[in-house]
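*Asks:* In our numbering, the protein residues as written are 1447 to 1737. Heads up, the beta-carbon is just placed ideally off N, CA and C, and yes, glycines get one too.
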Amino acid sequence: MGMTETGIIGMIALVCLAAAVIVRIWAAFAQREKVNESGCNLKAGAGIDQTTGNKELQADRAQVQRSPAGALAVIADGIGKKNTGQICAQIAVDTVMDRYEPYSSLNQPDYFFRTAFYEANRRIQMTLGEHKGGASLGAAFVNETHLYYALAGNIRIALLRGGELLPLSKGHTLDILAKEAWKDGKISRQEAVWSMEENRLWNYVGMDGFHEIETEAQPILTKPGDVVFLATCGIFEELSWRELEDILAEPGSLQEKAGEVVWAAEQKEGSQKENGSVILLRVPSSDGAFS
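1. Please confirm whether Gln1701 and Gly1499 have their CB atoms less than 8 Å apart.
2. Could you tell me if Leu1503 is buried or exposed, where buried requires 16 or more neighbouring beta carbons within 10 angstroms of its beta carbon?
3. So, helix, strand or coil for Leu1623, using DSSP?
4. Any contact between the stretch 1583–1595 and the stretch 1665–1675? By contact I mean 3 or more CB pairs, one from each, below 8 Å.
5. For Thr1541, I'd like the list of residues in its chain whose CB is within less than 7 Å of its CB, leaving aside the five on either flank, ordered along the chain.
6. Hey, Ala1586 and Leu1727 are a contact pair by Cβ (cut 8 Å); roughly how many whole angstroms apart?
7. Exposed or buried, Val1729, counting other C-beta atoms within 10 Å across all chains shown (16 or more means buried)?
8. By the 10 Å Cβ neighbour count, where 16 or more other Cβ atoms means buried, how is Ser1582 classified, buried or exposed?
9. Using the beta-carbon count (16 or more within 10 Å), is Glu1547 buried or exposed?
10. If you reduce the DSSP assignment to three classes, tell me which class Asp1672 lands in.
11. According to DSSP, what are the bridge partners of Ala1710?
12. Relative to the C-alpha of Ala1538, which residue among Gly1652, Lys1616 and Val1588 is closest?
13. Which residues in the same chain as Lys1714 place their Cβ atom closer than 8 Å to its Cβ, once the five residues preceding and following it in sequence are excluded?
14. Does the ligand MN have a heavy atom nearer than 7 Å to the CB of Tyr1546?
15. At which residues does the alpha helix (DSSP H) containing Ile1570 begin and terminate?
16. For Gly1655, does the count of other Cβ atoms within 10 angstroms reach 16, so buried, or fall short, so exposed?
17. Assuming Thr1497 and Val1708 form a contact by the criterion Cβ under 8 Å, report the distance between their Cβ atoms to the nearest whole angstrom.
18. If you draw a straight line from the C-alpha of Gly1692 to the C-alpha of His1577, how long is it?
19. Considering Cα atoms alone, identify which of Gly1580, Val1724, Val1673 and Ser1551 is closest to Val1526.
20. Is the CB-CB distance between Ser1723 and Ala1508 below 8 Å?
21. Determine the direct distance from the alpha carbon of Ala1598 to that of Ser1615, and round the result to whole angstroms.
22. What are the partner residues of Asp1692, as DSSP defines its beta bridges?
23. If you follow the beta strand (DSSP E) that Tyr1549 is in, where does it begin and where does it stop?
24. Leaving out five residues before and five after Glu1706 in sequence, what residues of the same chain have Cβ atoms less than 6 Å from its Cβ?
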């Protein structure tokens, strides 16, 4: 029996998606080599590590990029079956990084984040077509004086200061949405309680009806020695804030500490552990150095 026109189109779409996955994964490895070769990105000013958890594929992506404007850390947790999550996460990270690369100064970080996240949403939808997928996406930009962040989905962003991990982001899960609605008087306390165990996403890049991103209420004034922490659910669902603080208080480089965080998450019991990624980014000093 001959293949219908719809079947042929569907097969072509799947082949194109598979090709895009291969190209993007190759680009991810090339970018990781580039970051490693730049020396201080990972060895002094930042640390990145990942675990697949109990999953077959690693659908997280994490990168750091420095420029005269400051430093940008971007992390994404892909959503979708088979290779779809990988390609969505890579598109999300690439989009933000591509938009950041030309900047020698970044005077409106919040505007930059909004345009970059909406562009990531558009690129993912164009790539996937009728297929379903997306990514939780988080980003943090730091210069000598301030920290700015943005996210869509389930990403944790915090600031390590004086041995204490200070949560910054809330996230886009239904339990957080219910809590905020209760505070605003939009739902009853009982309705909020019923929703507190529901941590499904209600916003992420690549979804139909993409919502406004979360950003800081006002720029966060940084201090020397501050370290920005970004993580996906495979890290913060396995380790408490106290456990993370204990690990990050240990001596060593940021790369070594990122590795210790991942190792600790991998030691937790359970067969449903998600992909996990962590970025540690030191705030630059007044002379622009990250050491």
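*Replies:* Put simply:
1. no
2. exposed
3. Low confidence applies to Leu1623: its pLDDT is 48, below 50, so where it sits in the model is not reliable, and the reading given next is rough at best. Looking at Leu1623 - three-state DSSP - the assignment turns out to be helix.
4. Between the stretch 1583–1595 and the stretch 1665–1675, the count of C-beta pairs closer than 8 Å reaches three or more; the two stretches touch.
5. Excluding residues up to 5 positions away in sequence, Ala1562, Glu1565, Ala1566 and Arg1569 lie with their Cβ nearer than 7 Å to the Cβ of Thr1541 in the same chain.
6. 7 Å
7. buried
8. buried
9. exposed
10. The three-state reading of DSSP puts Asp1672 in coil, since its state is none of H, G, I, E or B.
11. Answer is none; Ala1710 lacks a bridge partner.
12. When each option's Cα is compared against that of Ala1538, the closest is Gly1652.
13. These residues qualify, in order along the chain: Glu1684 and Leu1685.
14. The ligand MN is absent from the structure shown, which contains no ligand whatsoever.
15. Pro1555 to Leu1574
16. exposed
17. 5 Å
18. Contrary to the premise, residue 1692 reads as Asp rather than Gly in this sequence. So the two alpha carbons sit approximately 42 Å from each other.
19. In the sequence under discussion, the amino acid at residue 1526 is Gly, which differs from the Val named in the question. Among Gly1580, Val1724, Val1673 and Ser1551, the Cα nearest to that of Gly1526 belongs to Gly1580.
20. Going by C-beta atoms, Ser1723 is nearer than 8 Å to Ala1508.
21. Here the alpha carbon of Ser1615 sits roughly 10 Å from the alpha carbon of Ala1598.
22. In the DSSP output, where bridge partners are listed per residue, Asp1692 has none listed.
23. Here Tyr1549 belongs to no beta strand (DSSP E), and DSSP marks it neither H nor E.
24. Hits under 6 Å: Ile1693.
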